[in-house]
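For what it's worth, numbering that gives the first Met the number 0 labels the leading residue of the sequence shown as 0, then goes sequentially.
Idealized CB from N, CA, C, for every residue including glycine.
Treat the numbers as computed from the prediction; the structure is a model and nothing was measured.
See structure below.
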Amino acid sequence: MAILKDMQVQYITNESGERSSVILSIEDFETLLEDLEDLAVVAERKGEPTISHEILKQELKSDGLLSD
């Protein structure tokens with residue numbers, strides 16, 4: 000997850016000295032986009048039913064996707 004204090008952020012200000020734009024490295028920008036995409040998926044799945052971790056492991060084992 001992106002943390003603003005770890006980013007190399009540069010601000011563009013207007014005539015009044017108010018911040019109006021941000022300059023980010025491509026790497027930081029792509030990290031932010033990935034985080035936004037992840038949050039969008041979480042929001043889309045908010046209403047989906049959940050199962051416990053133990054049940055998930057049992058199902059994966061029975062499907063041969065997880066070994067003992």
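Exercise. Would you say LEU23 and MET6 are within 9 angstroms of each other, going by their C-beta atoms?
Worked result: As a first step, residue 23 must be located in the sequence shown, where it is residue number 24. As a first step, residue 6 must be located in the sequence shown, where it is residue number 7. Cβ distance < 9 angstroms, so LEU23 and MET6 count as in contact.
For this session: Over the uninterrupted beta strand (DSSP E) stretch that includes SER19, give me the two end residues.
Result: For the purposes of this step, residue 19 is taken as the residue at position 20 of the sequence shown. Taken as a continuous stretch (DSSP letters only), the beta strand (DSSP E) holding SER19 covers 18 to 22.
For this session: Kindly indicate which residue of LEU64, GLY63, ASN13, ASP27 has the alpha-carbon position closest to the one of LEU3.
Result: Along the sequence shown, one-based indexing puts residue 3 at 4. From the listed residues LEU64, GLY63, ASN13, ASP27, the smallest Cα separation to LEU3 is found for ASP27.
For this session: Assuming SER19 contacts THR12 (C-beta within less than 8 angstroms), just tell me the rounded distance between them.
Result: The residue given as residue 19 occupies position 20 in the sequence shown. The residue given as residue 12 occupies position 13 in the sequence shown. With a Cβ gap of about 6 angstroms, SER19 and THR12 count as contacting.
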